[in-house]
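If you count the sequence shown from 1, you need to add 941 to reach the numbering used here. Yeah, the Cβ is synthetic: ideal placement off N, Cα and C, and Gly gets one too. What follows is a single structure, written as structure tokens, with notes after it.
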Amino acid sequence: MRLFSFGTSATRTDAADDLTFLRLVRSRRVGAATFHRLLAEHGSAAAALAALPEIARAAGVSDYQTCPEGVAAAELAAGRQAGAVLLRHDDPAYPAVLRDLEDAPPVLWVKGGLDCLSRPAIAVIGARNASSLGLRMAHGMALALAHAGVSVTAGLARGIDTAAHEASCAAGTIAVLAGGISRIYPSENAALAEAIVAAGGALISEQSPLTEPAARLFPLRNRIVSGLARAVVVVEAAHRSGTLITAKCALDQGREVMAVPGHPMDARAAGCNALIRDGALLVRSAEDVLTAIGLTPVEVSAQLPMAPAPADRRTSLQRVAETLRRPAARPAAPVAIPSRADAGGPVAIEARVLSLLGRAPTEETMLLRDLGLAAGALAPALLNLEMDGRIQRAPGGMISLA
């Protein structure tokens, strides 16, 4: 948390102020934390911008130039063309929960509704290569949280994030992008992004609207996902996954970290199980989450059966942080999901089945729905996988990885 704060203006700032603000934000070597220090020391974006060349010269940086006015103007134009609005950190509509973070984004591009930014938020995040059970848990939890009036937040990634956004879309979900507001990633979620905006939810990015997503931008995105939320719920995460980076951000920001337990032999549950072992709150439903953060619990109509929570549910931030810092062996690589173009072939169906199954048994009917296949198309693939010893059946039409 910053040791200084900024007041919010009563009216929306004009375009000239936005231009100066953006020039300071986009100037070389001015990150979020540096930006806030400059503004605190110089009192305004204009004064800080004017002082930057001399500050750089004193630091031994020669030929320093601030962000050109044309570059900032082009960003404003690109934002308008995308149908987004620029929220500065001193704007009344800027999410209050973000404003006091030491590295709070100086600006946010927001496309969609703003109401969802003022409600209590919970982040529901997890593995991209999620299992069928994991997807259903994320969907059910996000749906119940949305019904309780919570804004569900995630990063629009494949897997758990997508399931959470889809379940909470109608209530107004928040999707934080790594790239610009006009560069949806993954591209397969473009329709979902449009649906989020149409339903009154919000797409958010601190990057210029035309910025392409890059590896270095995802950790920056993750701190916003957790920073917007009162708690972060992890549904399936391997060791050393991007999901655990978000969990660490949450701890650094003083947010509650919660995790859904999984089968000890499933690599996709290794991160969650380690978090729980070291003090993260074990949650089995949206009701658990709401109770933990002091909101009125809701009745969850559909909930996957899970093992009961341990008697000691105390959270130890120190032990969870140690887990996140601890090096761990990388789990075996998951089976890749083939492209949609190849999704109908026998080998592709088998690969998709393996990607959705885990060590915990899954109903065959559930698998059919998740795959979008007829029983006649799935049966040969299941038989081949069973004969190869890669899956196993259990009573009641249940299937799991062998």
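Which of helix, strand or coil does DSSP assign to residue i?
i               : result
proline 1251    : Low local confidence applies: a pLDDT of 33 at proline 1251 is under 50, so the model's placement there is unreliable, and no value is given.
alanine 1358    : Because the chain in this structure spans residues 942 to 1343, residue 1358 falls outside the shown range and cannot be described.
leucine 1049    : strand
threonine 975   : helix
glycine 1067    : strand
threonine 909   : In the structure as shown, the chain starts at 942 and stops at 1343, and residue 909 therefore has no counterpart that could be examined.
leucine 1223    : strand
isoleucine 1125 : coil
valine 1138     : helix
threonine 1237  : coil
serine 1092     : strand
leucine 1324    : helix
alanine 1062    : strand
leucine 1042    : coil
glycine 1001    : coil
serine 1296     : helix
alanine 1098    : coil
alanine 1315    : coil
methionine 1082 : helix
glycine 1212    : helix
serine 985      : coil
Residues in the same chain with beta-carbon distance under 7 Å from residue i, minus the five sequence neighbours each way, listed in chain order, please.
i              : result
glycine 1024   : Lys1052
alanine 1309   : Looking at the sequence shown, residue 1309 is not alanine but leucine. So the list reads Ala1316, Leu1319, once near-sequence residues are dropped.
alanine 1095   : Ala1064, Val1065, Ile1066, Asp1102, Ala1105, His1106, Ala1116, Val1166
glutamate 1010 : Leu960, Arg964
Please name the residue or residues paired with residue i in a DSSP beta bridge.
i            : result
glycine 1195 : According to DSSP, glycine 1195 bridges with nothing at all.
serine 1341  : Gln1333
leucine 1144 : Lys1052, Ala1116
valine 1374  : The structure shown does not extend to residue 1374, since the chain spans only 942 to 1343, so no value can be given for it.
Whose C-alpha, out of the options, is nearest the C-alpha of residue i?
i                 : options                            : result
arginine 1334     : Leu1312, Glu1304, Ala1131          : Glu1304
alanine 1155      : Leu1042, Glu1129, Arg1181, Gly1121 : Gly1121
alanine 1136      : Ala1111, Pro1046, Ala992           : Ala1111
arginine 1077     : Asp1102, Ala1140, Ser1146, Glu1147 : Asp1102
glutamate 1177    : Arg1196, Arg1099, Gly1113          : Arg1099
cysteine 1213     : Lys1189, His1080, Asp1031, Leu979  : Lys1189
leucine 1295      : Ala1301, Leu1342, Pro1302, Pro1336 : Leu1342
glycine 1020      : Ala1211, Leu1298, Leu1151          : Leu1151
phenylalanine 976 : Ala1119, Ile1332, Ala1045          : Ala1045
histidine 1180    : Ala1208, Arg1196, Ala1172, Ala1089 : Ala1208
alanine 1301      : Gly1203, Glu1228, Val1038          : Gly1203
isoleucine 1234   : Ile1217, Ala1170, Ser1182          : Ala1170
alanine 1034      : Gly1001, Ala997, Gly972, Ala1143   : Ala1143
valine 1230       : Asn1070, Ala1085, Gly1183          : Ala1085
cysteine 1057     : Gly984, Ala1087, Ser1003           : Ala1087
arginine 1196     : Leu1222, Gly1183, Pro1205          : Leu1222
leucine 1071      : Ala1210, Gly1090, Leu993, Ile1217  : Inspection of the sequence shows that residue 1071 is occupied by alanine rather than by leucine. The shortest C-alpha separation from alanine 1071 is found at Ala1210.
glutamate 1129    : Leu1185, His983, Leu1097, Glu1016  : Leu1097
glutamate 1153    : Val1173, Glu1016, Ala1119          : Ala1119
alanine 1062      : Arg1069, Trp1050, Val1002, Ala1037 : Ala1037
leucine 1236      : Arg1060, Leu1055, Gly972, Phe1159  : Arg1060
Quick one: residues in its chain with C-beta nearer than 8 Å to the C-beta of residue i, no 5 flanking neighbours on either side, listed in chain order?
i               : result
threonine 990   : For clarity, residue 990 is leucine in the given sequence; the question names threonine instead. For leucine 990, where only same-chain residues beyond five positions count, the Cβ hits under 8 Å are Thr961, Arg964, Leu965, Ser968, Thr1007.
threonine 1306  : Gly1338
leucine 1314    : Ile1290
proline 1287    : Pro1321, Ala1322, Asn1325
alanine 987     : Thr961
glutamine 1194  : Leu1042, Arg1164, Ser1167, Gly1168
valine 1048     : Phe962, Leu963, Val966, Leu1027, Leu1028, Arg1029, His1030, Glu1147
isoleucine 1332 : Val1294, Leu1295, Leu1298, Leu1323, Leu1326, Ile1340, Ser1341, Leu1342, Ala1343
arginine 1255   : Any reading at arginine 1255 must be qualified, since the residue scores a pLDDT of 36, below 50, and its modelled position is unreliable; no value is offered.
Counting only the same chain and skipping the five closest in sequence on each side, list residues whose C-beta sits under 6 Å from that of residue i.
i               : result
aspartate 1329  : none
alanine 1083    : Val1065, Val1093, Ala1105, Ala1108, Ser1109
threonine 1187  : Ile1066, Asn1163, Val1166, Ser1167
isoleucine 1125 : Ala1131, Ala1134
State yes or no: is the beta carbon of residue i nearer than 8 Å to at least one beta carbon in chain D?
i           : result
lysine 1189 : Considering every chain present, this structure includes no chain D. It has just one protein chain.
**Item:** beta strand (DSSP E) segments (min. 3 residues) lying fully within the segment 1148 to 1191
**Value:** With a minimum length of 3 residues, the unbroken runs of beta strand (DSSP E) contained wholly in the segment 1148 to 1191 fall at 1172 to 1176.
**Asked** Which runs of the alpha helix (DSSP H), 4 residues or longer, sit entirely within the segment 1003 to 1040?
**Response** Those alpha helix (DSSP H) runs which fall completely within the segment 1003 to 1040 and span 4+ residues are 1010 to 1022, 1037 to 1040.
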